[in-house]
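Heads up: the sequence lines are chains A and B, in that order. Using our numbering, you'd call the opening residue of the first sequence number 1 and step up by one each time. Using our numbering, you'd call the opening residue of the second sequence number 1001 and step up by one each time. Below: one structure, written as structure tokens.
Number of protein chains: 2
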Amino acid sequence: MTETFQFNLKATDGGARLGEITMPRGTIRTPAFMPVGTVGTVKAMYLDQVRDTGADIILGNTYHLMLRPGAERVARLGGLHELIRWKHPILTDSGGFQVMSLSGLRKLDEKGVTFKSHVDGSLHHMSPERSIEIQGLLGSDIQMQLDECVALPAEPKEIERAMELSLRWAERCRVAFGDQPGKAMFGIVQGGDQPELRIRSAEGLKQLDLKGYAVGGLAVGEPQDVMLKMLETTLPVLPFEKPRYLMGVGTPDDMLKSVARGIDMFDCVMPTRSGRHGLAFTRRGKVNIRNARHAEDMRPLDEESSCPAARDYSRAYLHHLVRADEALGGMLLSWNNLNYYQDLMKGIRQAIAEGRFADFYAETQEMWAKGDIDPV
Amino acid sequence: MTETFQFNLKATDGGARLGEITMPRGTIRTPAFMPVGTVGTVKAMYLDQVRDTGADIILGNTYHLMLRPGAERVARLGGLHELIRWKHPILTDSGGFQVMSLSGLRKLDEKGVTFKSHVDGSLHHMSPERSIEIQGLLGSDIQMQLDECVALPAEPKEIERAMELSLRWAERCRVAFGDQPGKAMFGIVQGGDQPELRIRSAEGLKQLDLKGYAVGGLAVGEPQDVMLKMLETTLPVLPFEKPRYLMGVGTPDDMLKSVARGIDMFDCVMPTRSGRHGLAFTRRGKVNIRNARHAEDMRPLDEESSCPAARDYSRAYLHHLVRADEALGGMLLSWNNLNYYQDLMKGIRQAIAEGRFADFYAETQEMWAKGDIDPV
């Protein structure tokens, strides 16, 4: 354990980076996948299970938590870690993204954003300072600046305005966060699909000398090659020795390709959300367990998996549970998917450590392309 | 392990009975509570957890399973035990009760019942023989006769007709079941709230010399004292040395009072269904975790419980999860409730073994009456 937030870059292999974030609540091995614990729970999972899949850190959504149970309440209860029983690091987003995507009636100006709760319709105001205050009340270990995230496609003028605003808000968040050696506040690169705007954003944030940098506003509707191009444009501008977090991404393929370009951290609801809808991620690609071909297949999803959900339960049973809309179906598939995501990260880290990331990349793509085992 | 189905009555204490059913798939300690695994899953629970709460047997619903995944399919997959990964005994109901309560368009005559699936509207016919055939295809260890269960209140004439029909169906089920030494087929006493009809039903079933007897058609809307009176009327007529199963019951109080009158087995959806709706059963009675008093209460449901859900998670967190409609809330409360039900049964069995059931009864009632711990 360490008293201060530190990022140690241990190895690189091509563009891929192997590292370690150390901080008082624990060590985060990078590249890292952070399961999303939206409202203080990783959906349909016990947090012990989440830990056992290999998660070093989980993400909490500031927007959801400020509405329920409420930031001040969480603080009175001893903070989010205490409330949800997770003693390892937690990263919180700023709330900005969900304000845009979930809440009604939002009014945005220089000061911040006013929005209506999707839960009870109540009005809330969030400034950059309030976002940091809330994340502090939650007890978050890695906090994110408030930003404005524009859905793509969008007009360059609009993207530029939001990027400039986000940059000014980053500075206010940095001031509000102050000096907290054991914690970190990350800035967020915006700029949509516009390379020059991405570069200006990254350069602006770099001058703020933050402890880490996220790339935001991607995986919001654009094709994968646009996302990757933005990474190629942005990452060289960011300080090499600081962690880089690609927000809200993504599929296993998105992650593999982003690691190849220098990303260290990911979060995404995909493993749990897809799991609840009957989609399993495996070494051999995606498996839609609702498909009739699985109805009488007593083989497991992947007999070589390290996860009981993948190894000990038959496809026929999973198919039945998902078709009958039974909770256990979502529980098992979320577990399988989170485990697969963590196994992928573990494989990536090992490969970088051994200088064979390119081989690992090719082998992994080959297995995905092979597709699922033949029907019975 | 034994080759044959046997019931050994080990002790009595007043009307309460301590026993053991031994059969090839395992031993069932009685009085026993059987968690309901409706469609091949005890809702929101891993079956390992169900086992760990102390369950010796679970129940499967023939109606649900014949519709999904289908009896013939389950048989092709090696039976229900294999499919759902539960190697201990399973009891299946006959399907009759759900046909009456869930399906549309039912037509009942001497031959059986025709009904429309609530899942896809398809038409199905179930005769006493087909019910036993389905239960056999599922691989059920304890099978139930097809019966007609009348909702109370009802006209005595109607109750009598259904009781007589159920008695004729019991005989047909006995013939269809045949000679299966390692398994059992139970008859079901009907007769609504009419003592004479209950007695006639019990006498008729007794003559069939079945391996066990259930009391059905109770907990269908009548007051508790009517239910208990029916038990007092019925049980003395049934053979003393055979197990007695009170179907679909009930609350902890219902069970305690029914054990006092000689019931050996129970099943009920209450622990899981209530759990999903925020109701927790504890040594100190029912706790509605949605209640605002729990919002900032960091104490567990019951720090002395044997269940992690009751002991390790705060009321504040459970309250939050239930209010936010998060799956983990139902998972934890179902776990707590099933564990409480099994702990109650364990306490009952110990008390009977030690000849202090009356004291246990009084102490348990006293703790329930005391109510929950004071608010913080």
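Ideal Cβ placement from N, Cα and C applies to all residues, glycine included.
Quiz prompt | Other residues of its chain near Asn1288 (chain B): CB distance less than 7 Å, five sequence neighbours each side excluded | solution = Gly1278, Leu1279
Self-check item: Residues of its chain near Leu1321 (chain B), where Cβ-Cβ distance is below 6 Å and the 5 sequence neighbours each way are ignored
Solution: Sequence-distant Cβ neighbours of Leu1321 (chain B) in its own chain, meaning closer than 6 Å and more than five residues away, are Leu1328, Gly1329.
Quiz item: Could you give the distance in angstroms between the alpha-carbon of Asp1372 (chain B) and the alpha-carbon of Glu241 (chain A)?
Solution: Taking the straight line from one Cα to the other gives about 55 Å.
Practice problem: For Thr41 (chain A), return the contacting residues in chain B, with the cut-off set at a CB-CB distance below 7 Å. | Solution: Those are Leu1321, Glu1326, Leu1328, listed as they occur along chain B.
Quiz item: Between the Cα of Met1230 (chain B) and the Cα atoms of B:Val1215, B:Pro1239, B:Pro1243, which residue gives the shortest distance?
Solution: B:Val1215
Practice problem: Give, in chain order, every residue of the stretch 65 to 76 of chain A whose Cβ lies closer than 8 Å to some Cβ of chain B. | Solution: Arg68, Pro69, Arg73, Arg76
Quiz prompt | Length of the line joining the Cα atoms of Ile1084 (chain B) and Tyr317 (chain A) | solution = Looking at the two C-alpha atoms, the distance is approximately 7 Å.
Quiz prompt | Among A:Val269, A:Asp48, A:Ile142, A:Arg261, the one whose alpha carbon lies nearest that of Met227 (chain A) | solution = If we check each option's Cα against that of Met227 (chain A), A:Arg261 comes out closest.
Self-check item: Member of B:Gly1285, B:Arg1311, B:Ser1334 whose CA lies at the smallest distance from the CA of Gln1365 (chain B)
Solution: B:Gly1285
Self-check item: Start-end ranges of the alpha helix (DSSP H) lying completely within the stretch 278 to 339 of chain A, minimum 4 residues
Solution: 308 to 311, 315 to 323
Exercise. Give the secondary structure of Cys173 (chain A) by DSSP, where H, G and I count as helix, E and B as strand, and everything else as coil.
Key: DSSP places Cys173 (chain A) in helix when its eight states are reduced to three.
Practice problem: Could you have a look at Gly1212 (chain B) and say whether DSSP puts it in helix, strand or coil? | Solution: Gly1212 (chain B): strand per DSSP, three-state reduction.
Practice problem: Could you tell me if Leu1235 (chain B) is buried or exposed, where buried requires 16 or more neighbouring beta carbons within 10 angstroms of its beta carbon? | Solution: buried
Quiz item: Which partner residues of Asn1008 (chain B) appear in the DSSP bridge assignment?
Solution: B:Glu1020
Practice problem: Using only alpha-carbon positions, find the residue among B:Gln1135, B:Gln1143, B:Asp1193 that is nearest to Glu1160 (chain B). | Solution: B:Asp1193
Practice problem: Taking only runs that begin and end inside the stretch 121 to 205 of chain A, name each unbroken beta strand (DSSP E) of 3 or more residues, in chain order. | Solution: 123 to 126, 142 to 144, 184 to 189
Practice problem: Output the boundary residues of the beta strand (DSSP E) element that contains Leu1108 (chain B). | Solution: 1104 to 1109
Exercise. Tell me whether the beta-carbon of Pro300 (chain A) lies closer than 8 Å to the beta-carbon of Arg311 (chain A).
Key: yes
Quiz prompt | Any chain B beta carbon closer than 8 Å to Leu301 (chain A) | solution = Chain B, which has no Cβ nearer than 8 Å to the Cβ of Leu301 (chain A), makes this no.
Quiz item: Exposed or buried, Met367 (chain A), counting other C-beta atoms within 10 Å across all chains shown (16 or more means buried)?
Solution: exposed
Practice problem: Return the Cβ separation of Ser131 (chain A) and Gly95 (chain A) in integer angstroms, given the expectation that the two are a contact with Cβ distance under 8 Å. | Solution: Their Cβ separation, rounded to whole angstroms, is 6 Å, which keeps Ser131 (chain A) and Gly95 (chain A) in contact under 8 Å.
Exercise. Just the C-alpha distance for Ala1162 (chain B) and Lys116 (chain A), rounded to the nearest angstrom, thanks.
Key: If I take the Cα positions, the gap works out to 57 Å.
Quiz item: From Arg1017 (chain B) to Gln1350 (chain B), what does the alpha carbon distance come to, in whole angstroms?
Solution: Put simply, the backbone Cα of Arg1017 (chain B) is about 11 Å away from that of Gln1350 (chain B).
Quiz prompt | Cβ neighbours of Ala1353 (chain B) in the same chain (closer than 7 Å, five flanking residues each side left out) | solution = Ala1011, Leu1018
Quiz item: Closest to Phe357 (chain A) by CA distance: which of A:Ile188, A:Gln135, A:Val259 is it?
Solution: A:Val259
Quiz item: If you run the structure through DSSP and keep just helix, strand and coil, what is Leu1077 (chain B)?
Solution: coil
Quiz item: Mind listing which residues of the stretch 1077 to 1105 of chain B have their C-beta closer than 9 Å to chain A's C-betas, in chain order?
Solution: Leu1077, Gly1078, Glu1082, Leu1083, Ile1084, Arg1085
Practice problem: Under 9 Å between beta-carbons, which chain B residues line up against Met34 (chain A)? List them in chain order, please. | Solution: Chain B residues near Met34 (chain A): none, gap ~18 Å exceeds 9 Å.
Quiz prompt | Leu67 (chain A) - containing alpha helix (DSSP H), residue span | solution = Where Leu67 (chain A) is concerned, the enclosing alpha helix (DSSP H) starts and stops at 62 to 67.
Exercise. Please confirm whether Gly187 (chain A) and Leu218 (chain A) have their CB atoms less than 8 Å apart.
Key: no
Quiz item: Going along chain B, which residues have a C-beta under 8 Å from Asp209 (chain A)?
Solution: Chain B residues near Asp209 (chain A): none, gap ~37 Å exceeds 8 Å.
Quiz item: By how many angstroms is the C-alpha of Ala1292 (chain B) removed from the C-alpha of Met1034 (chain B)?
Solution: 32 Å
Self-check item: Partner residues on chain B for Met298 (chain A), Cβ-Cβ distance less than 9 Å
Solution: Leu1077, Gly1078, Glu1082, Leu1083
Practice problem: Taking Phe1360 (chain B) as part of the alpha helix (DSSP H), name the residues at either end of that continuous run. | Solution: 1357 to 1370
Self-check item: Sheet register partners of Ala1044 (chain B) (DSSP bridge)
Solution: Paired residue(s): none; Ala1044 (chain B) is not in a bridge.
Practice problem: Give a yes or no on whether the C-beta atoms belonging to Glu129 (chain A) and Ala176 (chain A) are separated by under 8 Å. | Solution: Yes, Cβ-Cβ distance for Glu129 (chain A) and Ala176 (chain A) is below 8 Å.
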